[in-house]
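*Asks:* Just so we're aligned, residue 1 is where the sequence shown starts under the UniProt record's numbering, counting upward by one.
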Amino acid sequence: MTKCFQLTLAIIKPHAVKMPSALHSIRRKIISNNFYVLNTKEVMLAKADAERFYGEHKQKFFYNRLVTLMSSGPLHVHILAKDNAIQSWRELMGPTKVYMAQFTQPATIRGEHGLSDTRNAVHGSDSETSAAREIDFFFPGFNVDGWRERVAKVVS
Ligand code: RTP
Ligand code: MG
């Protein structure tokens, strides 16, 4: 895999935020897998904001279930940085579907803390374009391009 220092947006979903053992375990996994946490906040989304964030899934059968979950309680939102952060965080999350996570990758976050296909504990960006959009959604003052340029100067 080619090394590429990236940012990704990670969300700990409401049911996991409410469960201290899950929250603690997820935070430990973030740190022990060498992610830098560049910014973090606790956010309560209005349903309309959750609908906007998940607009790409509007036609899916699980859309209403998803936005209801994501506006049901506080989220913990993090900007994570690492080489290949997007893929690395998605590997740590594990498969979307909880039965796949529990049976094929039980040591992943979703394998350990997923309760259902919707309540699968965590979210992660799926591309650099999504990461930039999602970071801007939750951290509008965070300059993704400026941050990338500063890192490129330091590592070159
Ligand atoms: P995410 O966006 O949360 O990181 O998850 P993902 O890429 O693995 O999965 P995606 O297809 O983008 O789905 C977004 C979220 O929708 C919920 N979902 N529910 N069968 C279902 O009930 C179902 N399928 C997906 C999950 O919460 C998923 O994370
Ligand atoms: Mg997704």
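Using N, Cα and C, we set each Cβ at its ideal position, and we do this for glycine too.
Here the structure is a predicted model, which means the values were calculated and not measured.
Start and end of the alpha helix (DSSP H) containing Y63?
*Replies:* Your numbering for residue 63 matches position 63 in the sequence shown. Y63 -> alpha helix (DSSP H) spans Y63 to M70.
*Asks:* How many angstroms separate the CA atom of R28 from the CA atom of A10?
*Replies:* Along the sequence shown, one-based indexing puts residue 28 at 28. Along the sequence shown, one-based indexing puts residue 10 at 10. Distance between the alpha carbons of R28 and A10 is about 14 Å.
*Asks:* Quick check on V122: buried or exposed, where buried means 16 or more other Cβ atoms within 10 Å of its Cβ?
*Replies:* Walking along the sequence shown from the start, residue 122 turns up at place 122. The residue in question, V122, is buried, as its Cβ has 16 or more Cβ neighbours within 10 Å.
*Asks:* Starting from F53 and walking both ways along the alpha helix (DSSP H), at which residues does that stretch end?
*Replies:* Walking along the sequence shown from the start, residue 53 turns up at place 53. Segment K47 to F53, the alpha helix (DSSP H) holding F53.
*Asks:* For I31, count neighbouring Cβ atoms within 10 angstroms of its own Cβ and tell me buried if that reaches 16, exposed if not.
*Replies:* One-based indexing of the sequence shown puts residue 31 at position 31. Its Cβ having fewer than 16 others within 10 Å, I31 is exposed.
*Asks:* Which same chain residues, not among the five before or five after S72, have their C-beta less than 7 Å away from its C-beta?
*Replies:* Mapped onto the sequence shown, residue 72 falls at position 72. P14.
*Asks:* In terms of DSSP beta bridges, what is A16 paired with?
*Replies:* Sequence index remark: in the sequence shown, residue 16 carries index 16 (1-based). DSSP lists no partner for A16.
*Asks:* Ordered along the chain, which non-local residues of its own chain (more than five positions away) have a Cβ less than 6 Å from that of V77?
*Replies:* Numbered from 1 along the sequence shown, position 77 holds the residue referred to as residue 77. Excluding positions up to five away in sequence, the list reads I11, K41, V43 and F138.
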